[in-house]
Amino acid sequence: MKKIINKPENFIREMLEGIYIAHGNMVGYAGGDVHCLVSKQKKAGKVGIATGGGSGHLPLFLGYVGEGMLDGCSIGDVFQSPSAEQMLAVTKEIDSGAGVLYIYGNYNGDIFNFDMAAEMADFEEDIRVESVVAGEDVASAGPAVPGEKNTRRGVAGIFFAYKCAGAAAAEMMPLDEVKRVAEKAAANVRTMGVALTPCIVPRVGKASFEIGEDEMEIGMGIHGETGIRRGKLLPADEIVEEMMAPIIKDIPYVKGDEVAVLVNGLGATPLEEQYVVCRKVSNILEEQGIKVHRYYVGEYATSLEMAGMSISLLKLDDELKRLVDAQANTPFFKQFG
Numbered sequence: 001m002k003k004i005i006n007k008p009e010n011f012i013r014e015m016l017e018g019i020y021i022a023h024g025n026m027v028g029y030a031g032g033d034v035h036c037l038v039s040k041q042k043k044a045g046k047v048g049i050a051t052g053g054g055s056g057h058l059p060l061f062l063g064y065v066g067e068g069m070l071d072g073c074s075i076g077d078v079f080q081s082p083s084a085e086q087m088l089a090v091t092k093e094i095d096s097g098a099g100v101l102y103i104y105g106n107y108n109g110d111i112f113n114f115d116m117a118a119e120m121a122d123f124e125e126d127i128r129v130e131s132v133v134a135g136e137d138v139a140s141a142g143p144a145v146p147g148e149k150n151t152r153r154g155v156a157g158i159f160f161a162y163k164c165a166g167a168a169a170a171e172m173m174p175l176d177e178v179k180r181v182a183e184k185a186a187a188n189v190r191t192m193g194v195a196l197t198p199c200i201v202p203r204v205g206k207a208s209f210e211i212g213e214d215e216m217e218i219g220m221g222i223h224g225e226t227g228i229r230r231g232k233l234l235p236a237d238e239i240v241e242e243m244m245a246p247i248i249k250d251i252p253y254v255k256g257d258e259v260a261v262l263v264n265g266l267g268a269t270p271l272e273e274q275y276v277v278c279r280k281v282s283n284i285l286e287e288q289g290i291k292v293h294r295y296y297v298g299e300y301a302t303s304l305e306m307a308g309m310s311i312s313l314l315k316l317d318d319e320l321k322r323l324v325d326a327q328a329n330t331p332f333f334k335q336f337g
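Heads up: the sequence shown begins at 1 in the numbering used here, then just goes up one per residue.
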């Protein structure tokens, strides 16, 4: 293992301490626990939005706490859920009298602990909490059936749920409306990823899986979950074509639809390569008659030093377009027009 760290067991705490040093004008922590990151901006009567999950995914989740997006985030060790008590500490700190919305990925540990935190917030603190569970990875399961549980993994597309719900809360929408917006955004996002290399969890000290130097895996999850196909590395355009086909089919899209596009690096993919991907995504959407309202290219949800990328499309209507375009100012994401 070759990493710029001290002791593996201190990795997350020292990383968090660094974030508070670098961005102390914007964020602090609740309950004396550095794992409970909260915004220093608080507005009476505004719905609070909280998220959380395992670390190792910067800028997800910590980097999106700030104006126009999230109000708090509880973080666990690498790829491990934070505790219900940490989630509750964040909830208490960000409540401004209008209730709190949880938005988090579709992983069993997070679901269990967020549900427990919501119950404790209601019983112990009289704080109303609603939840939206995001799961948009088309490689991980089939489409959700109405009335049944969504079994898809939550991956980079959760960024759009944060963005739209955060903008709705900034407009002072009530809790039920902010939840409706988050659910609509989550329901209209589709993501597909590809991995080229594994990552190394510091406490483990070795690669999370093995893959050949000349191989790729289409559909692999951000924790190394099995994808849908492993094979020889293809040229960029062919990779994008293989990823975009199931994304477009899944909604499904029709000519004239409008989208926001997220091309996301997984931690070790140069921006130059991500823009090669962006170019091909644009070509495919143009051929399909799908209009692009806005592009986001960069690292939005990583997996430590994994090489690879994901593509997310958010199908837009007039409301989502307005909320996607709203200003935001967080330590890792800024949008002013």
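Built from N, CA and C at the ideal position, the CB exists for glycine as well.
CA-to-CA distance, MET216 to GLY31, given in whole angstroms: 43 Å
query: What are the start and end residues of the alpha helix (DSSP H) that includes VAL65?
result: Premise fails: VAL65 is in no alpha helix (DSSP H) and is neither H nor E.
message: Bridge partners for ASN264 per DSSP, in chain order?
response: GLY298 and SER310
message: Please classify PHE336 as buried or exposed, where buried requires at least 16 neighbouring CB atoms within 10 angstroms.
response: exposed
- prompt: Can you tell me the Cα-Cα spacing of ASP95 and PHE114, whole angstroms?
  reply: 16 Å
task: With distances taken Cα to Cα, identify the nearest neighbour of MET69 among LYS232, MET26 and GLU148.
output: MET26
task: Please work out which residues of its chain come closer than 8 Å, Cβ to Cβ, to VAL281, disregarding the five sequence neighbours upstream and downstream, and give them in chain order.
output: VAL240, MET244, VAL261, VAL263 and ILE311
- prompt: Based on the DSSP secondary-structure assignment, which residues constitute the bridge partners of MET192?
  reply: ILE311
field: Closest Cα partner of PRO198 within the set ILE251, GLN41, GLU305 and LEU314
entry: GLU305
task: Tell me, to the nearest whole angstrom, how far the beta carbon of GLY135 is from that of ASN150; I am working on the premise that it is less than 8 Å.
output: 5 Å
task: Please name the residue in GLY157, GLY45, LEU37 and GLY72 whose C-alpha comes closest to that of TYR344.
output: Examination of residue 344 is not possible in this model, given that the chain is present from 1 through 337 alone.
query: With contact counted as at least three CB pairs below 8 Å, one residue from each stretch, are the segment 159 to 173 and the segment 39 to 55 in contact?
result: yes
message: Taking DSSP's pairing of strands, which residues face MET216 in a bridge?
response: GLY231
message: Helix, strand or coil, according to DSSP, for TYR253 in the structure here?
response: coil
Per DSSP, the bridge partner or partners of LEU101: ILE49 and GLU130
- request: Please report the Cβ distance between GLY105 and GLY63, rounded to the nearest whole angstrom; I am assuming they are in contact, meaning their Cβ atoms lie under 8 Å.
  value: Not quite, the Cβ-Cβ distance comes to about 15 Å (not below 8 Å), so this is no contact.
message: One question on the structure: do PRO270 and GLY66 come within less than 9 Å of each other, judged by their Cβ atoms?
response: no
query: Taking ALA139 as the reference, which of ARG13, ARG190 and VAL178 has the closest Cα?
result: ARG190
message: Could you give the first and the last residue of the continuous beta strand (DSSP E) run that contains MET77?
response: Sequence check: residue 77 is Asp here, not Met. Counting along the chain, the beta strand (DSSP E) containing ASP77 begins and ends at 72 to 78.
query: Taking the C-alpha atoms as reference points, what is the distance between ARG322 and PHE333?
result: 18 Å
- prompt: Assuming THR302 and HIS57 make a contact with CB atoms under 8 Å, what is their CB distance in whole Å?
  reply: 6 Å
task: For the alpha helix (DSSP H) holding LEU88, just list the boundary residues, first then last.
output: 84 to 94
query: Among all the DSSP beta bridges, which residues are the ones paired with LEU37?
result: TYR29 and CYS73
- request: Determine the direct distance from the alpha carbon of ASP33 to that of ILE344, and round the result to whole angstroms.
  value: For residue 344 there is no data in the structure shown, the boundaries of the chain being 1 and 337.
field: Within 9 Å, strictly: CB atoms of HIS353 and PHE61
entry: Residue 353 lies beyond the residue range present for the chain, which begins at 1 and ends at 337; the question has no answer from this structure.
field: Through-space distance from LYS2 to VAL181, alpha-carbon basis
entry: 43 Å
- prompt: Which class does ILE4 belong to by DSSP, given the choice of helix, strand or coil?
  reply: coil
query: In terms of alpha-carbon separation, which member of GLY24, LEU320 and LYS40 lies closest to LYS184?
result: LEU320
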